[in-house]
Amino acid sequence: MRQFLEQKAVQRFSRSTSGKIGLVLTIGLFAIALLAPVLHPYDPSVDRDYLAKLLAPSRVHWFGTDILGRDLLVLVWYGIRTSLLVSLVSVGFGATIGLFFGLIAGYFRGWLEAIIGWVTDILLAFPSILLAIAIVTVTSPSLQSVMIAVGVVQIPIYVRLARSVVLSLREQEFVQAAKALGATPTRIILRHILPASLAPLVVQATLSIGTATLEAAGLGFLGLGAQPPTPELGTMLADAFKGGYSLSSPWTTLFPGLVITLIVLAFNLLGDGLRDGLDPRS
Numbered sequence: 058m059r060q061f062l063e064q065k066a067v068q069r070f071s072r073s074t075s076g077k078i079g080l081v082l083t084i085g086l087f088a089i090a091l092l093a094p095v096l097h098p099y100d101p102s103v104d105r106d107y108l109a110k111l112l113a114p115s116r117v118h119w120f121g122t123d124i125l126g127r128d129l130l131v132l133v134w135y136g137i138r139t140s141l142l143v144s145l146v147s148v149g150f151g152a153t154i155g156l157f158f159g160l161i162a163g164y165f166r167g168w169l170e171a172i173i174g175w176v177t178d179i180l181l182a183f184p185s186i187l188l189a190i191a192i193v194t195v196t197s198p199s200l201q202s203v204m205i206a207v208g209v210v211q212i213p214i215y216v217r218l219a220r221s222v223v224l225s226l227r228e229q230e231f232v233q234a235a236k237a238l239g240a241t242p243t244r245i246i247l248r249h250i251l252p253a254s255l256a257p258l259v260v261q262a263t264l265s266i267g268t269a270t271l272e273a274a275g276l277g278f279l280g281l282g283a284q285p286p287t288p289e290l291g292t293m294l295a296d297a298f299k300g301g302y303s304l305s306s307p308w309t310t311l312f313p314g315l316v317i318t319l320i321v322l323a324f325n326l327l328g329d330g331l332r333d334g335l336d337p338r339s
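Here's what the structure looks like:
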């Protein structure tokens, strides 16, 4: 039965044009991120040529160069690597914690649900970017702080989603049958409720990667993200605007901005395809 359902999910996904485009783009982005050290090992102390600063795109420098004479294509390669790392870690962190508390709130209800709901409402009361800025400011700007900040912003989303899914499953026949057979709450949650609730959570996680990429780039643009010499797409945009050469050398902002858009688009399209494939009502 499970194999049949998996085959149907694959068939539904294969009929989603947006899902297939998103999958191809996502695979390409991960390939670039993994192969970046092989394509061009980056050393910030060496990869500078002040005589070649702010060169327009050419056969030698496909994306042009920045104010330090660094090849923008190489910087973008490593910027993709940094952005994907931050997004995956932060979404994984937020989804894990949010899923844990969402399962508890939805299954046990009562005072646990009330307390978790209050904390979730407090987190949601703050605009996500302001909450992330506050966390990074307290913990000092760094790549690790960005991961934590963006992850904390994601937690209430998964708490609410997991809770709503569990509320719809806890009264189902298979859960009641497990209770009647004497299964413990832990076993019911891990063996029955959690597997049945993974589909919407996987879709949300995919969509959240695009959101996390934007938030990480926003923190980098404000100078609160990855610190030099780590290449990061938001930081590259900030350097161009602060240096005052974004208009005279538009390629310094064009290519990092396009890559951020591409990452968000890829995961949004993939999330749409997964939603079509994993939703049995499709």
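Residue numbers (my numbering): 58 to 339. A virtual CB, placed ideally from N, CA and C, is assigned to each residue, including glycine. From a predicted model like this one, the values you see are computed outputs, not experimental measurements.
Could you pull out every residue in the same chain whose Cβ sits closer than 8 Å to the Cβ of residue i, ignoring the five residues on either side in sequence?
i      : result
Trp308 : Ala113, Pro114, Phe120, Gly121, Leu129
Taking 7 Å as the limit between beta carbons, can you name the residues of its chain near residue i, skipping five residues before and five after?
i      : result
Ile186 : Glu272, Gly275
Ala297 : Ser303, Thr309, Thr310
Ala262 : Val148, Ala152
Gly291 : Ala273, Ala274, Gly275, Leu276, Gly277, Phe278, Gly282
Ala347 : One cannot answer for residue 347 here, as it falls past the ends of the chain, which runs 58 to 339.
Identify, in the order they occur along the chain, each residue of the same chain with its Cβ nearer than 6 Å to the Cβ of residue i, setting aside the five sequence neighbours on each side.
i      : result
Asn146 : As written in the sequence, residue 146 is Val, which differs from the Asn given in the question. Closer than 6 Å at the Cβ level, and outside the excluded window around Val146, lie Met204.
Val216 : Gly155, Phe158, Gly159, Thr177
Leu188 : Val210
Please look up how many angstroms separate the CB atoms of residue i and residue j, rounded, as I've assumed it's under 8 Å.
i      : j      : result
Ile212 : Gly151 : 5 Å
Leu327 : Gly163 : Their Cβ separation, rounded to whole angstroms, is 27 Å, which puts Leu327 and Gly163 out of contact at 8 Å.
Asn232 : Leu335 : Position check: residue 232 holds Val in this sequence, whereas Asn was assumed. Val232 to Leu335, Cβ: 20 Å. No contact.
Pro288 : Tyr99  : 7 Å
Arg138 : Ala93  : 5 Å
Leu314 : Leu294 : Before going on, a small fix: residue 314 reads as Gly here, not Leu. Correct: roughly 6 Å between the Cβ atoms.
Over what stretch of residues does the alpha helix (DSSP H) that includes residue i continue unbroken?
i      : result
Phe312 : 308-335
Leu226 : 200-226
Glu170 : 167-182
Asp123 : No alpha helix (DSSP H) holds Asp123; DSSP gives it neither H nor E.
Ala189 : 185-196
Lys110 : Careful: Lys110 lies outside any alpha helix (DSSP H) and carries neither H nor E.
Ser75  : 74-96
Thr287 : Segment: none, Thr287 is in no alpha helix (DSSP H) and carries neither H nor E.
Original post:
Quick one: any contact between the stretch 270-286 and the stretch 223-242, if contact means 3 or more CB pairs under 8 Å?
Top reply: no
**OP:** For the stretch 242-256 and the stretch 192-203, state whether three or more C-beta atom pairs, one from each stretch, are separated by less than 8 Å.
**Re:** no
Subject >> Residue ranges of each alpha helix (DSSP H) within the stretch 226-259, 4 or longer >> reply: Counting whole runs of 4 or more residues, the stretch 226-259 contains the alpha helix (DSSP H) stretches 230-237, 242-245.
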